[in-house]
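Report on the following structure.
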Amino acid sequence: MTKHKSAKAVQARYGIGASTMYRWLNNQEIGFPKPMKIGHRVLWREADLAAFDERHSNN
Numbered sequence: 093m094t095k096h097k098s099a100k101a102v103q104a105r106y107g108i109g110a111s112t113m114y115r116w117l118n119n120q121e122i123g124f125p126k127p128m129k130i131g132h133r134v135l136w137r138e139a140d141l142a143a144f145d146e147r148h149s150n151n
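Structural data, given as structure tokens:
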């Protein structure tokens, strides 16, 4: 089962605010994972966030 994170949980994970998170989403060079919409909720897949973490831990 795939785990999902809310925008608030993603912000807490990275210690960022909403405006920074959306700035990361709009900057293709950062490669921040795109969220998915389930009903009225915007959620990020945990696997996508883990892959993002892995890519950026090697820099």
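Using the numbering used here, the letters of the sequence shown correspond one by one to residues 93 to 151. Positions of the beta carbon are idealized from the N, C-alpha and C atoms, including for glycine. Owing to the predicted nature of the structure, the values given are computational and were not obtained by experimental measurement.
Exercise for review: Please state whether DSSP places His-148 in a helix, a strand or coil.
Suggested key: Helix, per DSSP.
Exercise for review: Have a look at Arg-133 and Pro-125 and give me their C-alpha separation to the nearest angstrom.
Suggested key: Distance between the alpha carbons of Arg-133 and Pro-125: 16 Å.
Check your understanding: Using the C-alpha atoms, what's the distance from Ala-110 back to Ala-99?
Key -> The straight-line gap from Cα to Cα measures roughly 8 Å.
Review point. If we count the other Cβ atoms within 10 Å of its Cβ and call it buried at 16 or more, is Leu-117 buried or exposed?
Key: So Leu-117 ends up on the exposed side.
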